[in-house]
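Just below is one structure, and these are the notes that go with it.
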Amino acid sequence: MKLLKIAFSNMRKRKGGAITFFAIVAMAALMLSISLSLLLNVGSFYDKKRAELNTSDFSVGIAQPFWQGAMEESPEGYVSMPDYAKSYPGAVGEPQVFDFLSADIKYELGSGSVKQQLLFYNQSVPKTMNTYKVIDRRDEQFTQDGALKDGGILLALNFKYGGIAAGGRFSFTCLKEVYTYTVAGFFEDAEMGASTSTVKAAYVSDAEYGRLEAREEAFIPFKFLSVNFEKIATSYEFETQFSQKYGLSMRNSFSVTYDQTKFMATMFALIMSFVLIGVAALVLVIALVIVRFTIKNNIEEDIKTLGALKSIGYTSGQITAAIVIEFLLIAVLAGIAGVLLGLATAGYVGNVVSMTSGLLFGGAAFGVPAVLSVAAVTAVTLAVTYFVAKSSKKVTPINALRSGLGSHNFKKNYAPLEKTKMPLNLAVALKSFLGGIKNNVTAFIVLFLFGFTCVLGFALYQNFVVDTAAFKQMIGVEPAEVQVGANVPEDADEATWAEIDAMMIEISRLPGVERFSRMDVYPATSGGTLISLCAWENIDEKNPGTLIAGRFPKFGDEIALLSTVASVLGKGVGDRVTIEYDEGKHSASFLVSGITQSVGGGVCDLTKGGIAALSALSEDKIVLCGMNLFLENTDTDAVDEFVDNLLIAYGASLNAVNLAEAVNGTLVALKEPIALATYLIVGVTVFTVCFVFFLLMNTLLRRRKKDFGIQKALGFTTGQIILQTLLSLLPVILAGTGLGILAGVLLTNPLLGIMFAGLGIAKPLFVISPLLT
0 MKLLKIAFSN MRKRKGGAIT FFAIVAMAAL MLSISLSLLL NVGSFYDKKR AELNTSDFSV
60 GIAQPFWQGA MEESPEGYVS MPDYAKSYPG AVGEPQVFDF LSADIKYELG SGSVKQQLLF
120 YNQSVPKTMN TYKVIDRRDE QFTQDGALKD GGILLALNFK YGGIAAGGRF SFTCLKEVYT
180 YTVAGFFEDA EMGASTSTVK AAYVSDAEYG RLEAREEAFI PFKFLSVNFE KIATSYEFET
240 QFSQKYGLSM RNSFSVTYDQ TKFMATMFAL IMSFVLIGVA ALVLVIALVI VRFTIKNNIE
300 EDIKTLGALK SIGYTSGQIT AAIVIEFLLI AVLAGIAGVL LGLATAGYVG NVVSMTSGLL
360 FGGAAFGVPA VLSVAAVTAV TLAVTYFVAK SSKKVTPINA LRSGLGSHNF KKNYAPLEKT
420 KMPLNLAVAL KSFLGGIKNN VTAFIVLFLF GFTCVLGFAL YQNFVVDTAA FKQMIGVEPA
480 EVQVGANVPE DADEATWAEI DAMMIEISRL PGVERFSRMD VYPATSGGTL ISLCAWENID
540 EKNPGTLIAG RFPKFGDEIA LLSTVASVLG KGVGDRVTIE YDEGKHSASF LVSGITQSVG
600 GGVCDLTKGG IAALSALSED KIVLCGMNLF LENTDTDAVD EFVDNLLIAY GASLNAVNLA
660 EAVNGTLVAL KEPIALATYL IVGVTVFTVC FVFFLLMNTL LRRRKKDFGI QKALGFTTGQ
720 IILQTLLSLL PVILAGTGLG ILAGVLLTNP LLGIMFAGLG IAKPLFVISP LLT
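With numbering that gives the first Met the number 0, letter number 120 in the sequence shown gets 119, and the count goes up by one each step, no holes.
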């Protein structure tokens, strides 16, 4: 009880220090509780939504002409795709086959326009898998039997967070025609609802679906095959064998696996949690530096009091315990305040999760994160406080009576004023600087961390919000304005291939095309791993930002492996890798000439000669069905006009996208969460630095009040004393902040590389803005 009274007495005596330590620890606990609640809950939240909506383990969208050709022109003994999926070992239940229409639309979202692929489902057709739950339902837009009325539309939940309201109007443009609907509500989508997904979905009425379907050149019909398995891992084996058996590729299909969708939907929440844990750790380090600084100063200031306590019988252990109790009480109370503040902000954090995942986040279990946060800050404070407070045993009644005189050394006379040629204020400042090394070290550490954290936060802001060019390079977005792909029917013969080749040549010669690069994507395997191969006619046109080691292939026996594929296969530059094609009927060995990076799967690159060798065909028999077009006019509206004219002219024979707009449609949803994370990181850091320097100045004034009084008696003004104090801290401020910023500039990309490794970005090249720096 007596030790508790001593602890409370110390807190009352130094309210400023206690409040500063309380605030810093509370900030650390706040960020720790938020990050842990995300880390521990987001994955299980998504799994629960998956069970609730019966999301499939694997789904594949197949272009209707290709599907129809495979069904109708099949040879004897042919097994249909649904029958193959149903009979596959490990498959559970009946596969679901569902129709949808795919269109590239442009619409207003937030403060700008977005161009994106939107899938249109018929709301009146029941689904057994990948069901949906309506949120903010407008009953007047539904009939009594639950069917959507004409003129109404159900949008994915992401649209709500983009500023579109239920009951309001939603308009989009597709091939120069404007479509306007009333928003009947929003729905949760665990399959393609993530903000990072390049594809979104909507439901329309039966009659409206028919009207859209009739415009074949704009709304491309697809079949959607969904399958469940006993083990989710089986979906990857199925994808490999299914794609090769039916010749599926990026030009006629796209696939979705549950693990991939879960990763993309929870990716940002997990990244945000790791960033906040890192910032919380930095703030906690600052708090511990303050603990050490405060205890050391308190012992020096209270040396007479400590000597008196020892003279009346208190032991060094008891005095140490009193100091530990003081900081332990503050840490526990600050930890509780921090987690309560975290609980108060849980709604906003939940909105961020809902915004990025496309699923309504009803709140996380906060108990375990709260306990862990309080326990963490308390345990770390306890350990550091105990080891620092043990120095009180050096205090004896004798040196306490001498006010610590035995520790003074009169030989240390930094910058003697009687000999200096410097200006008087500068000389006094230098003496203060050299005489306060401990304070200066504390200030240096704080400012170093401040500079480093600000660079990290602003780097995220610069590359996700201000200018996304560097990020687009890293994730594999090609530098072309338009990407074109021919829709190849399943029963394509030599004449069809010749027509496709002629069409691609004709497109490459259209007015406004500055240059072009032909390429095509093929499914293959290596060591049982499904990979996508991109054969290039002129690989020099490929995005150079994707190459992280070696070079792009120049010869037919070379290949550039995607970093994730290289990691799985255990291959590097200079190694050889065997690629199997057409269900293993053909194979070839390639030299790994380079390693590339990309997000969302990506492709491994080789030359046209490489794919000819792999398929056992001559180069003149290979028709590359994809093309990147570099336009003379790169204005967004001009590119949109070019794409629309292309689709109108060639109809269902091809698909074409505005590459920049397609990526912007994904990134626009991440801007607000990234901006929030930046504000939180920089705001908390500035808040912490302000409190730390308040404590430093407070301590300086207490320790030097006699010196300042003597200086004023000698004729120094308050302004001169303030100037001397500022000058004494200036080297620390410049060195700490400057070195912290330098460390941030040098280490931000490596740290973000560790953070984004799971996305497929092995070598980040984020731009560090000189202005923000």
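Glycine included, each C-beta is placed from N, C-alpha and C at the ideal position.
Predicted, not measured: the structure shown is a model, and the values here were computed from it.
| query | result |
| --- | --- |
| Pull up the distance between the alpha-carbon of ASP98 and that of LEU560, whole angstroms please. | 35 Å |
| Report the rounded CA-to-CA distance for ALA659 versus TYR106, giving the unit in angstroms. | 15 Å |
| Contact between the stretch 130–150 and the stretch 611–622: three or more CB pairs below 8 Å? | no |
| Identify, in the order they occur along the chain, each residue of the same chain with its Cβ nearer than 7 Å to the Cβ of LEU3, setting aside the five sequence neighbours on each side. | ILE324 |
| Extract the residue ranges of the beta strand (DSSP E) inside the stretch 585–642, only unbroken runs of 3 or more that lie entirely within it. | 585–595, 603–606 and 625–630 |
| Which of the three DSSP states is assigned to ASN654 in this structure? | strand |
| Three-state secondary structure (DSSP) at THR197? | coil |
| Taking one C-beta from the stretch 155–172 and one from the stretch 196–215 each time, how about it: are there three or more such pairs within less than 8 Å? | yes |
| Is MET421 buried or exposed, if buried means 16 or more other CB atoms sit within 10 Å of its CB? | exposed |
| Whose C-beta lies closer than 7 Å to the C-beta of LEU359 among residues of the same chain, with five residues either side of it excluded? | ILE134, LEU156, GLU187 and SER353 |
| DSSP three-state call for PHE551: helix, strand or coil? | coil |
| What would DSSP say about THR142, mapped onto helix, strand or coil? | coil |
| Helix, strand or coil for ASN40? Go by DSSP, reduced to three states. | helix |
| State the Cα-Cα distance for the pair ALA742 and GLY752, rounded to the nearest angstrom. | 15 Å |
| Can you look up LEU404 in the DSSP assignment and give me helix, strand or coil? | Only weak support is given to the placement of LEU404: the predicted model assigns it a pLDDT of 42, under 50, and the value that follows is read from those uncertain coordinates. LEU404 falls in the helix class under three-state DSSP. |
| In angstroms with no decimal places, state the Cα-to-Cα distance between LEU404 and GLY708. | Caution is warranted here: a pLDDT of 42 is assigned to LEU404, below 50, making its placement in the model unreliable, and no coordinate value can be reported. |
| I need the straight-line Cα distance from PHE20 to ILE270, nearest angstrom please. | 28 Å |
| Can you tell me whether PHE554 is buried or exposed, with buried defined as 16 or more other CB within 10 angstroms of its CB? | exposed |
| So, at 7 Å on beta carbons, what are the nonlocal neighbours of SER32 in its own chain, with the 5 sequence-adjacent residues on each side left out? | GLY337, VAL338, GLY341, PRO368, ALA369 and SER372 |
| From which residue to which residue does the alpha helix (DSSP H) around PHE158 run? | 156–160 |
| Check the DSSP bridge columns for LYS222 and list the partner residues they point to. | ILE61 and ASP98 |
| Below 8 Å between beta carbons: does that hold for GLU190 and VAL255? | yes |
| Check this for me: beta carbons of SER34 and SER272, under 8 Å apart or not? | yes |
| What span of residues does the alpha helix (DSSP H) with LEU568 cover, start to end? | 562–568 |
| Quick one: is ALA501 buried, meaning 16 or more other Cβ sit within 10 Å of its Cβ, or exposed? | exposed |
| Are PRO552 and THR595 close, meaning C-beta to C-beta below 8 Å? | no |
| For THR181, collect the residues of the same chain with a Cβ closer than 8 Å to its Cβ; drop the 5 residues on either side in sequence, then sort them by chain order. | ARG137, GLN140, GLY150, GLY151, ILE152, GLY166, GLY167, ARG168 and PHE169 |
| To which residues of the same chain is TYR208 closer than 6 Å at the C-beta, ignoring the five residues directly before and after it? | ASN121 |
| So THR736 and THR452 are in contact, right, with Cβ under 8 Å, and what is the actual spacing, rounded? | In fact, because the Cβ distance is near 11 Å, the residues do not count as touching under 8 Å. |
| What is the rounded straight-line gap between the Cα of SER406 and the Cα of LYS1? | Only weak support exists for where SER406 lies, its pLDDT of 49 falling under 50; the coordinates are left without a value. |
| Looking at the structure shown, is MET271 part of a helix, part of a strand, or coil, going by DSSP? | helix |
| To the nearest angstrom, how far is the alpha carbon of TYR87 from that of ILE231? | 13 Å |
| Which residues in the same chain as GLY89 place their Cβ atom closer than 6 Å to its Cβ, once the five residues preceding and following it in sequence are excluded? | PHE228, GLU229 and THR233 |
| With a threshold of 16 other CB atoms inside 10 Å of the CB of ALA426, please say whether the residue is buried or exposed. | buried |
| Just the Cα atoms here: how many angstroms apart are GLU212 and ALA279? | 53 Å |
| Which class does THR384 belong to by DSSP, given the choice of helix, strand or coil? | helix |
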